[in-house]
Ligand code: HEM
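In the working numbering, the protein residues as written are 179 to 316.
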C-alpha cells in the first residue's frame, strides 16, 4: 500500500474523530450555557450519543488502521497508555450515561438532567485533555 492511502485513512478517521470531539463537548456545553435548555435536552442528548459513538468507533479505527499498515498497534509510552485508558473510560461512561438518560430520563427532575449534562461536559473535557497527552507522549 502506498503512503498516500495510509495517510488518507488516518486523515479521514481524524475528520470523524475531530467532529465527534467538537460534538460531545460543544453539545453538552451548549445545552447548559448560558441557560440550561431543559426543553431541548433530549435532542442534545441524541447528538451527544452520536458524538460519543463516533469517538469510540473512530478511535477503534485508528487502532485498526495502525494494525493494518504495521501489523501492530503503536508502541505507546506508559503515560500515553494511561491517557488512552482515560479516553476509553470517559467515552464508555459518557456513552452509557447519555444512553441511560435517553431510555429512562423522561421523568427525571430538571436538576438531575442538568447534573447529567454537567457530568457529560466534564467527561468530554477530560477526554480532550487526555487526547493532548496521548498525542505528545506517544
Ligand atoms: C474509545 C475512545 C478513543 C480512542 C480509542 C481514541 C484513540 C485515538 C487515537 C489512536 C488518536 C491518534 C493519536 C495520535 O495522533 O497520536 C486520537 C486522537 C485524538 N483524539 Fe481520540 N480516542 C478516543 C476517544 C476520544 C475522545 C472521547 C475525544 C474527545 C472528546 C478524543 C479526542 C481526540 C483528539 C482531539 C485527537 C487528536 C489529538 C492530536 O493529534 O492533537 N478521542 N484518538
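From the three backbone atoms N, C-alpha and C, an ideal C-beta is built for every residue, glycine too.
Chain-order list of residues whose beta-carbon lies under 7 Å from that of residue i (same chain, five-residue window excluded)
{"i": "residue 276", "result": "223, 226, 227, 230, 298"}
{"i": "residue 236", "result": "191, 194, 195, 198"}
{"i": "residue 241", "result": "251"}
{"i": "residue 205", "result": "222, 225, 226, 229"}
Spatial distance of residue i from residue j (CA atoms)
{"i": "residue 287", "j": "residue 274", "result": "19 Å"}
{"i": "residue 210", "j": "residue 294", "result": "10 Å"}
{"i": "residue 279", "j": "residue 291", "result": "8 Å"}
{"i": "residue 187", "j": "residue 285", "result": "43 Å"}
{"i": "residue 255", "j": "residue 208", "result": "35 Å"}
{"i": "residue 248", "j": "residue 213", "result": "48 Å"}
{"i": "residue 239", "j": "residue 200", "result": "18 Å"}
{"i": "residue 203", "j": "residue 217", "result": "19 Å"}
{"i": "residue 260", "j": "residue 271", "result": "16 Å"}
{"i": "residue 283", "j": "residue 182", "result": "46 Å"}
{"i": "residue 215", "j": "residue 246", "result": "44 Å"}
{"i": "residue 281", "j": "residue 220", "result": "10 Å"}
{"i": "residue 289", "j": "residue 296", "result": "10 Å"}
Cβ of residue i within 7 Å of any chain C Cβ
{"i": "residue 281", "result": "No chain C appears in the structure shown, which is made up of a single protein chain."}
Cut-off 8 Å between Cβ atoms - residues of its own chain near residue i, not counting five sequence neighbours on either side
{"i": "residue 268", "result": "301, 302, 304, 305, 308"}
{"i": "residue 243", "result": "184, 187, 188, 191"}
Cutoff 6 Å; reference residue i; Cβ partners in own chain excluding five residues on either side
{"i": "residue 258", "result": "312, 315, 316"}
{"i": "residue 233", "result": "198, 269"}
(Q) I'd like the ranges of any alpha helix (DSSP H) spanning at least 4 consecutive residues and lying wholly in the region 224 to 303. (A) 256 to 282
Q. In chain order, what residues place their C-beta within less than 7 Å of a heavy atom belonging to the ligand COA?
A. This structure simply doesn't include the ligand COA; it includes the ligand HEM instead.
Q.
Using a Cβ distance threshold of 8 Å, determine whether the region 263 to 272 contacts the region 239 to 252, with at least three qualifying pairs required.
A. No, they do not touch.
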